[in-house]
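Per my numbering, the very first residue in the sequence shown carries number 13; after that it's consecutive.
Even glycine gets a Cβ: it sits at the ideal position worked out from N, Cα and C.
Predicted model, so just to flag it, every value in this text is computed and none were measured.
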Amino acid sequence: YLLVFITIGAFILANLVVAVVVTNLEWAIVERKRLEEEEMQRQLRHRKGSRNLEEWKPVDVTAAFSKLAKHQKPLEIPEFNLSVRSLENYFLTVAAIEDNLVEFKSTKEELSEILQEIKALARVDVMADEEVG
């Protein structure tokens, strides 16, 4: 019995030590992230406060993009083995979805009008009950 007791006790003690270490590590990680976030916010506030709006100059997006993408090349040029029939099916599906969307919008507007009429009738009914009561 003594050997079993020592083994179980050692196992429980090891689990407690591991739990304490892991918990303290998690707290340290959370605290470090919080401090880094505070430092970043402080630096951003400092940067915003030190610059005038006159120092900011507009950037031409197309020029910036062309400079960034000038040296980039695609890793692989994909080959699309699409037949004319599959493209036609795709475009038919897209057209059907667009038609369904138009029909959905018109049905939604009609249902909204019906709901407004029902609400108006309910208000009239409540007002009539108040006059009678």
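Measuring straight from C-alpha to C-alpha, what distance separates residue i and residue j?
i, j, result
"residue 97", "residue 110", "20 Å"
"residue 24", "residue 42", "27 Å"
"residue 26", "residue 17", "14 Å"
"residue 112", "residue 30", "60 Å"
"residue 129", "residue 123", "10 Å"
"residue 139", "residue 108", "46 Å"
Keeping to the same chain, check which residues put their C-beta closer than 6 Å to that of residue i; ignore five residues upstream and five downstream.
i, result
"residue 58", "none"
For residue i, which residues of its own chain have a beta-carbon under 8 Å away from its beta-carbon, when the five flanking residues on both sides are left out?
i, result
"residue 50", "none"
"residue 142", "none"
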